[in-house]
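For the sequence shown, counting from 1, position 7 maps to 6 in numbering that gives the first Met the number 0; every step adds exactly one.
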Amino acid sequence: MLRVGLTGGLGSGKSTVAGFLRDLGAYVVEADQLGRELMRPGHAVYEKIVQQFGNEVVCPDGELNRARLAELAFTGGRLNELNAIVHPAVISAQQHWMDEVFARDTGAIAVVESALIFEVERDARERGESEGVLADWRRRFDCIVLLTAPDETKIERFVNRVGSDPAKRDAAVADARLRLSRQMRDAEKAARADFVIENTLDREHLRREVGAIWKQLRALEEQCRAQHRQTPGSLK
0 MLRVGLTGGL GSGKSTVAGF LRDLGAYVVE ADQLGRELMR PGHAVYEKIV
50 QQFGNEVVCP DGELNRARLA ELAFTGGRLN ELNAIVHPAV ISAQQHWMDE
100 VFARDTGAIA VVESALIFEV ERDARERGES EGVLADWRRR FDCIVLLTAP
150 DETKIERFVN RVGSDPAKRD AAVADARLRL SRQMRDAEKA ARADFVIENT
200 LDREHLRREV GAIWKQLRAL EEQCRAQHRQ TPGSLK
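Okay, structure coming up:
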């Protein structure tokens with residue numbers, strides 16, 4: 000079994016690479032997907048968010064008003080408050096998902112797609128949480144695959160998702176720049192990652208790069224299984 004973190008800034012191409020890895024045989028989960036589920040009514044994360052941010056972040060149907068919540072978090076200076084609620088729960092859900100995958104398939108390569116693998120550690124340490132799983136991504140993953148691209152390329156990709164309406168595009172540009180300002184620079188992440196893909200060329204080139212890395216991941220998984228057989232009870 001092998002635990003892989005797939006990360007990169009906004010618009011770096013994580014979802015595309017996740018799809019390629021899934022096609023090659025990896026098990027893949029999106030951190031954003033887990034977060035969206037945990038923020039629905041009936042979950043503890045939802046209750047904590049409403050308690051912390053008030054009813055103004057609740058829609059008439061009871062669901063969270065994610066746009067208003069994002070506005071309060073990013074432009075209202077309350078992002079750390081939101082992250083302190085959401086990140087621990089999402090990481091716990093990631094671990095639970097990986098445990099379930101490995102229970103079914105001991106030779107699995109489980110990939111967690113998350114934009115904030117390194118930022119979660121940084122933010123936890125800034126809050127004084129120097130211990131625990133939040134404070135060290137190395138406890139959660141055997142290796143990290145990082146997607147990089149120039150910021151302007153990332154912004155262009157992000158903006159293209161909202162369509163052609165000028166007002167929406169202008170708002171998306173501002174949103175993208177604000178979000179990128181909260182994310183670590185690619186150079187910092189590259190120093191920590193095991194594999195780095197510069198996603199600046201076409202889709203087929205990216206697919207070939209992912210295929211080459213997949214072969215290395217399979218070799219690493221086999222090494223981990225061999226180590227596990229030699230030292231029963233170890234994590235790998």
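Backbone N, C-alpha and C fix where the C-beta goes; we use that ideal spot for every residue, glycine too.
Who are the Cβ neighbours of residue i in its own chain at under 6 angstroms, not counting the five residues just before and after it?
i: Trp96; result: Val28
i: Leu234; result: For Leu234, the predicted model reports a pLDDT of 44, less than 50, meaning its position is unreliable; a value from the coordinates is still stated below. No residues qualify anywhere along the chain.
i: Gly232; result: Interpretation of Gly232 is limited by its pLDDT of 48, a score under 50 that renders its predicted location unreliable; the figure taken from the coordinates is listed afterwards. Taken in chain order, the list of residues that qualify is empty.
i: Phe140; result: Arg2, Gly4
i: Val110; result: Val3, Leu5, Leu20, Ala25, Val27
i: Leu177; result: Phe73
Using CA coordinates, which residue listed in the options is at the minimum distance from residue i?
i: Gln182; options: Leu1, Thr6, Arg2; result: Thr6
i: Ile196; options: Ser180, Val209, Ala190, Arg184; result: Val209
i: Ala92; options: Ala148, Val144, Val44; result: Val44
i: Ala17; options: Cys58, Asn159, Glu36, Ile108; result: Ile108
i: Leu9; options: Arg217, Ala192, Trp213, Leu179; result: Leu179
Which residue marks the beginning of the beta strand (DSSP E) containing residue i, and which one marks its end?
i: Gly4; result: 1-7
i: Glu197; result: 194-197
Quick check: the Cα distance between residue i and residue j, rounded to an integer number of angstroms?
i: Phe117; j: Asn54; result: 31 angstroms
i: Val56; j: Leu219; result: 44 angstroms
i: Leu200; j: Gly12; result: 11 angstroms
i: Pro87; j: Arg206; result: 32 angstroms
i: Asn198; j: Leu146; result: 6 angstroms
i: Ala30; j: Ser163; result: 28 angstroms
i: Arg168; j: Phe101; result: 42 angstroms
i: Arg124; j: Glu112; result: 22 angstroms
i: Leu71; j: Leu81; result: 9 angstroms
Which partner residues of residue i appear in the DSSP bridge assignment?
i: Glu29; result: Glu112
i: Phe73; result: DSSP, once it has assigned bridges, lists no residue as partnering Phe73.
i: Glu187; result: Partner(s): none; Glu187 has no beta bridge.
i: Cys142; result: Val3
i: Val57; result: Leu63
i: Thr147; result: Glu197
What are the boundary residues of the alpha helix (DSSP H) that residue i is part of?
i: His42; result: It is not in any alpha helix (DSSP H) - His42 carries neither H nor E in the DSSP assignment.
i: Ala83; result: 78-103
i: Ser14; result: 13-23
i: Asp135; result: Asp135 -> no alpha helix (DSSP H), and no H or E assigned at all.
Could you check if residue i belongs to the surroundings of the ligand HEM, using beta carbon to heavy atom distance under 6 angstroms?
i: Arg124; result: The model depicted lacks the ligand HEM and carries no ligand whatsoever.
Apart from the five residues on each side of it in sequence, which residues of its chain come closer than 8 angstroms, Cβ to Cβ, to residue i?
i: Asn79; result: Asp122, Glu125, Arg126
In chain order, what residues of the same chain have a beta carbon less than 7 angstroms from the beta carbon of residue i, not counting five sequence neighbours either side?
i: Ala83; result: Arg126
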